[in-house]
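Chemist: This is the structure, below, for whatever I ask next.
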């Protein structure tokens, strides 16, 4: 068992894990991928939902501090993010799984997670235990010493999730984590999310509406860089009427809020 | 001291027959008494012995193996300095170095040293391999970690320059020429790639510097038999370039913690 130090049980000095005001992020020369959003996210699982190209990935990258906000303010764990200041301390408490996440094929699962634990500046004595725990949580313990190139797509994705949670992050950012997972794995993954979301702020971007309904305590609907809706999955379901497009109440709410019509702009 | 009676032992083996307090007393005694444990082993029915035997047979072969594979410390340490992407580059440096030495031996003294001519461009490929988004699959994962930034830049640049230095020293020893000067253009091109890379991206910076190398060093050497820039007397200029580029890298270090603008 890991020892708990005083810093971990100290009361938080911030109101929200993620707080953004008028956040704008420019991608390329002149496209505002995130165009002025206000967010205040606490512990829990927050589903970031929106059509392709809505700016989900850009927002997640900005929260992961790899993109700098063009305008507006962003505070993560009470620290201002996006400036030129040293963000090492902040980054140690963030877990991030990019959408297209690359890996070195010759690494074993354990070596991969250990390498990322090293990059995250975890204390050396903690690394082996934390790596084993992370691998067990994603159910890869029996494949821990197999090379990544021998793993299936869903297993690679789970190895990616393992590296994201290895440092017990206070903010966990997952960009399309359920792509490539089979239905049983998705169920297990939702349980894992809820477990982590009990004391961490988890932001999951997805375009799969049913993931949000099952796993998220809070939905953020995002379209063309702007916030369209924020509320519980039930609120989202309530927004849709019988005449809206979709097979489930949440899907109908989704298309009602995004203004989709039967047979029109179906892509 | 008395022992467990046959009646109690039979009840314990059957399970769920004895009242809780008697079962505890039996277990308490069994923990201390080898004689009664032996009687218990004999008393167990075939269903129990078969089960225990089966589990033991399955378990025994695995008990000799250590619980976790021994961590490969040297490999893990090396990975802190160089990414696996750099391995092909490393092989290239060694091959090119050997080729340059060979060419120098063939055209002995009749023209400027091939080793010296090639030395600036060798680290450029290494720097590009360790920092280009398209070449390093873990680029985005790495950029988001706390260790990204100046520390990782210094580690990877060291990993690039060490083999280049080794090749230059080995070449100098083999050809008998003084190659120490060759390190300065190498260093300048390596830091130059990184410094320019903070503005235009490492891939473009590497291309530009390879173009500069061709234009300013290779073409004059081929057409006029030598380039003034490779004369050992130019060392203060090269040193100044290294200092300026290093200053730029330190000043713009935060670009290594972010995704390159081109994506």
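Protein chains in written order, with the working numbering: chain A, 1 to 267; chain B, 1001 to 1263. Just so it is clear, CB atoms sit at the ideal spot from N, CA and C, and this is done for glycine as well.
Taking any Cβ of chain A, which residues in the stretch 1130-1147 of chain B have a Cβ under 8 Å from it, in chain order?
Modeler: 1136, 1137, 1138, 1139, 1140, 1141, 1142, 1143, 1144, 1145, 1146 and 1147
Chemist: What do you reckon, are the CB atoms on residue 968/B and residue 1120/B nearer than 7 Å?
Modeler: The structure shown does not extend to residue 968/B, since chain B spans only 1001 to 1263, so no value can be given for it.
Chemist: Excluding five sequence neighbours on each side, which residues of the same chain lie with their C-beta closer than 8 Å to the C-beta of residue 1018/B?
Modeler: 1008, 1011, 1012 and 1026
Chemist: Any idea what DSSP makes of residue 1166/B, helix, strand or coil?
Modeler: helix
Chemist: Determine, for residue 1084/B, whether the minimum Cβ-Cβ distance to residues of chain A falls below 7 Å.
Modeler: It does: the Cβ of residue 1084/B has a partner Cβ on chain A nearer than 7 Å.
Chemist: Give me, in chain order, the residues of the same chain whose beta-carbon lies closer than 6 Å to that of residue 225/A; leave out the 5 immediate sequence neighbours on both sides.
Modeler: Result list for residue 225/A: 32, 33, 34, 35 and 55, in chain order.
Chemist: Suppose only complete runs of 4+ residues qualify. What are the alpha helix (DSSP H) ranges in the stretch 148-178 of chain A, listed by chain order?
Modeler: Assignment of alpha helix (DSSP H) within the stretch 148-178 of chain A, counting only whole runs of 4 or more residues, yields 153-165 in chain order.
Chemist: Looking at the ligand FAD, does it come within less than 6 Å of residue 80/A, judged from the CB to the closest heavy atom?
Modeler: The ligand FAD is not among the ligands present in this structure, which contains no ligands whatsoever.
Chemist: Using only CA atoms, which one of 29/A, 17/A and 48/A lies nearest to residue 228/A?
Modeler: 48/A
Chemist: Should the stretch 1046-1066 of chain B be regarded as contacting the stretch 1081-1091 of chain B, the criterion being three or more beta carbon pairs within less than 8 Å?
Modeler: No, because fewer than three Cβ pairs between the stretch 1046-1066 of chain B and the stretch 1081-1091 of chain B fall closer than 8 Å, the two stretches do not touch.
Chemist: Please report how far the alpha carbon of residue 1055/B lies from the alpha carbon of residue 1061/B, in whole angstroms.
Modeler: 11 Å
Chemist: Give the residues of chain B in contact with residue 98/A, contact being defined as C-beta atoms less than 7 Å apart.
Modeler: 1140 and 1141
Chemist: At 3 residues or longer, and completely inside the stretch 1050-1119 of chain B: list those beta strand (DSSP E) runs for me, N to C.
Modeler: none
Chemist: Within 7 Å of any Cβ in chain A, is that where the Cβ of residue 1073/B sits?
Modeler: no
Chemist: Going by Cα to Cα distance, which pick from 152/A, 58/A, 131/A and 253/A is closest to residue 243/A?
Modeler: 253/A
Chemist: Kindly indicate which three-state DSSP category residue 1021/B falls into: helix, strand or coil?
Modeler: helix
Chemist: List, in order along the chain, the chain B residues whose C-beta lies closer than 8 Å to that of residue 17/A?
Modeler: Here the premise fails: no neighbours, minimum Cβ distance about 17 Å.
Chemist: Could you tell me whether any Cβ in chain B is nearer than 7 Å to the Cβ of residue 102/A?
Modeler: yes
Chemist: Measure the beta-carbon distance from residue 1081/B to residue 1144/B and round it to whole angstroms, keeping in mind my assumption that it falls under 8 Å.
Modeler: With 8 Å as the limit, residue 1081/B and residue 1144/B do not qualify as a contact, their Cβ atoms being about 20 Å apart.
Chemist: Report all residues from its chain with a CB closer than 6 Å to the CB of residue 1203/B; omit the five preceding and five following residues, and keep chain order.
Modeler: 1132, listed in sequence order.
Chemist: Indicate whether residue 190/A and residue 214/A have their beta-carbon atoms separated by less than 7 Å.
Modeler: yes
Chemist: What do you reckon, are the CB atoms on residue 268/A and residue 59/A nearer than 7 Å?
Modeler: There is no way to answer for residue 268/A, as the model of chain A reaches only from 1 to 267.
Chemist: Can you give me, in chain order, the residues of the stretch 138-150 of chain A that have a beta carbon less than 8 Å from any beta carbon in chain B?
Modeler: 145
Chemist: Taking residue 1146/B as the reference, give the member of 93/A, 179/A and 202/A with the closest Cα.
Modeler: Nearest C-alpha to residue 1146/B: 93/A.
Chemist: Any beta carbon of chain A sitting closer than 7 Å to that of residue 1253/B?
Modeler: For residue 1253/B, the answer is no, since every Cβ of chain A falls outside 7 Å of its Cβ.
Chemist: Starting from residue 256/A, trace the alpha helix (DSSP H) both ways and give me its first and last residue.
Modeler: 249-258
Chemist: Verify the CB distance criterion: does residue 24/A have a CB-CB separation below 7 Å to chain B?
Modeler: no
Chemist: Are the Cβ atoms of residue 1129/B and residue 1206/B separated by less than 7 Å?
Modeler: no
Chemist: So if I threshold CB-CB distances at 9 Å, which residues from the stretch 1234-1259 of chain B count as touching chain A?
Modeler: Cβ contacts with chain A come from 1254, 1257, 1258 and 1259.
Chemist: Nearest chain B C-beta to residue 12/A closer than 7 Å, yes or no?
Modeler: no
Chemist: Quick one: is residue 251/A buried, meaning 16 or more other Cβ sit within 10 Å of its Cβ, or exposed?
Modeler: Result: buried.
Chemist: In this structure, how does DSSP classify residue 17/A when only helix, strand and coil are distinguished?
Modeler: coil
Chemist: Interface residues of chain B around residue 67/A at Cβ under 7 Å?
Modeler: 1258 and 1259
Chemist: Specify the secondary structure class of residue 1247/B as computed by DSSP and reduced to three states.
Modeler: helix
Chemist: Determine the DSSP secondary structure at residue 1036/B, reduced to helix, strand or coil.
Modeler: Of the three classes helix, strand and coil, the one that applies to residue 1036/B here is helix, per DSSP.
Chemist: May I have the straight-line CA-CA distance separating residue 106/A from residue 1140/B, to the nearest angstrom?
Modeler: 18 Å
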